[in-house]
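Below is one structure, written out as structure tokens, with a few remarks after it.
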Amino acid sequence: MTVDIFLNLTGRGYHIYIGPGLVGRLGAYLKGLPLSAKALLVTNPKVRVLYGALAEKSLLCAGFQVVTAEVPDGEEAKSLSSAEKLYDLAYTGGLDRKSPVIALGGGVVGDLAGFVAATYMRGVPFVQVPTTLLAQVDSSVGGKVAVNHPRGKNIIGAFYQPRLVVADTDTLATLDPHELRSGLAEVIKYGVIADAGFFAWLESNLENLLALEPEALVHAVATSCRIKARVVEEDETEQGRRAILNFGHTVGHALEALSGYRVFRHGEAVAIGMVAEARLAEAMGIFPEEDAARLELLVKRAGLPAGVPPALSAAPTTARTGEFLELLQRDKKARAGRYAFALPVKIGRAEVFRDVSEEKIRQYILENLSLDI
Numbered sequence: 008m009t010v011d012i013f014l015n016l017t018g019r020g021y022h023i024y025i026g027p028g029l030v031g032r033l034g035a036y037l038k039g040l041p042l043s044a045k046a047l048l049v050t051n052p053k054v055r056v057l058y059g060a061l062a063e064k065s066l067l068c069a070g071f072q073v074v075t076a077e078v079p080d081g082e083e084a085k086s087l088s089s090a091e092k093l094y095d096l097a098y099t100g101g102l103d104r105k106s107p108v109i110a111l112g113g114g115v116v117g118d119l120a121g122f123v124a125a126t127y128m129r130g131v132p133f134v135q136v137p138t139t140l141l142a143q144v145d146s147s148v149g150g151k152v153a154v155n156h157p158r159g160k161n162i163i164g165a166f167y168q169p170r171l172v173v174a175d176t177d178t179l180a181t182l183d184p185h186e187l188r189s190g191l192a193e194v195i196k197y198g199v200i201a202d203a204g205f206f207a208w209l210e211s212n213l214e215n216l217l218a219l220e221p222e223a224l225v226h227a228v229a230t231s232c233r234i235k236a237r238v239v240e241e242d243e244t245e246q247g248r249r250a251i252l253n254f255g256h257t258v259g260h261a262l263e264a265l266s267g268y269r270v271f272r273h274g275e276a277v278a279i280g281m282v283a284e285a286r287l288a289e290a291m292g293i294f295p296e297e298d299a300a301r302l303e304l305l306v307k308r309a310g311l312p313a314g315v316p317p318a319l320s321a322a323p324t325t326a327r328t329g330e331f332l333e334l335l336q337r338d339k340k341a342r343a344g345r346y347a348f349a350l351p352v353k354i355g356r357a358e359v360f361r362d363v364s365e366e367k368i369r370q371y372i373l374e375n376l377s378l379d380i
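Using my numbering, the first residue of the sequence shown is number 8, and each one after it goes up by one.
Written out as structure tokens, the structure is:
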């Protein structure tokens, strides 16, 4: 049942393997690459208990000498101080320029380990072994790596592609159900922005995904990765089309920042953002009302929020409104202070609009969101 997707970047292409039982085959996959024998395996305590020994055994059997590093679970791990500790381990462990840094975990582990790989000795091989649905369908593919700064999320980073991605769908069985649903937000996003047939498949197979049906999981992860791979091949460094992958994220990131990253899981914020941005597109006359309704219904069926929950609702203050608008202007798609959004024009297609008026944002987003969070 293993799916092999090749992301084709000239001279830097790599395979994305998706299927059950792949952590135990990690060493065999790496053995086929031109790597040194020493490897740095980066994970967090929870994932290490579940899969660390299996990954280490597979690497050892393939002839690698493994230095394992644990980083805290959560966004606090994505810091320059955490990166410095990993540099120390890499140096004292004798890693050289062909030694791989392997990320075993979710998006935080992948972002941090990738940033270290991109910057240690000016760049060493990087391998992604994502263990969450969110990481398997999104952050592990495409080469965005970063750490946070007190002034913002992912401010310090790079585009640095992995040499290999190994997505073991068996690891999804140990996810907290809320984390699984959070990952589904990104899966739904792919259907909206690029594949109407996949969106319809999700409408028909959502219950199978929530029940962790193996074939459904592999199909959902593989289809998501294929879509992202094709977009990245066309626009690796997000100068144009790749920005469509940010559908739902403009509003979602602003909500995360306003709440101090303590209220919403990433996928929950993206789900709220997708519905809000779809309704904005509907109001602008570029997205059919029936498509917006289909999206909102699927989000709700997935157990994701379609708006800020009533328990958090309150009248937004002028200060919070101003902060929200400022965050939207700082979005990486924005140019010269103008508001930019990746918006759907129909199920299966999205475009980037770089001059959305503040009046429309206030009327169709701010009036439907609580900002007192």
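A virtual CB, placed ideally from N, CA and C, is assigned to each residue, including glycine.
- Of the other Cβ atoms in all chains shown, fewer than 16 fall within 10 Å of the Cβ of Q246; this residue is therefore exposed.
- Nearest in C-alpha terms to Y167, of all of E330, I372, S231 and L16, is L16.
- In the three-state reduction of the DSSP assignment, Y167 falls in the coil class, being assigned neither a helical nor a strand state.
- Residue range Q72 to E77 is occupied by the beta strand (DSSP E) that includes E77.
- Between K367 and A290, the C-beta spacing is below 8 Å.
- Two segments are said to touch when three or more pairs of C-beta atoms, one from each, lie closer than 8 Å; by this definition the stretch 42-50 does not touch the stretch 249-263.
- DSSP lists V49 and Q135 as the bridge partner or partners of A110.
- About 17 Å separates the Cβ atoms of E275 and L216, ruling out a contact at the 8 Å cut-off.
- Shown here for G20: same chain residues with a beta carbon closer than 7 Å to its own, the five before and five after excluded, namely F13 and L14 in chain order.
- Taking a contact to require three or more Cβ pairs closer than 8 Å, the stretch 57-77 and the stretch 143-151 do not qualify as touching.
- Taken atom to atom, the span from the alpha-carbon of V199 to that of M8 is near 26 Å.
- Excluding sequence positions up to five before and after I293, its CB lies within less than 7 Å of the CB of L350 and V352, all in the same chain and listed in chain order.
- Beta-bridge partners of I12 (DSSP): I23.
- Spanning the alpha carbons of V258 and Q135 requires a straight line of approximately 28 Å.
- Put simply, of A46, G113, H260 and I163 the residue whose alpha carbon is nearest the alpha carbon of Q336 is H260.
- Closest option to L67, judged by alpha-carbon separation, among D80, P79, L37 and K92: L37.
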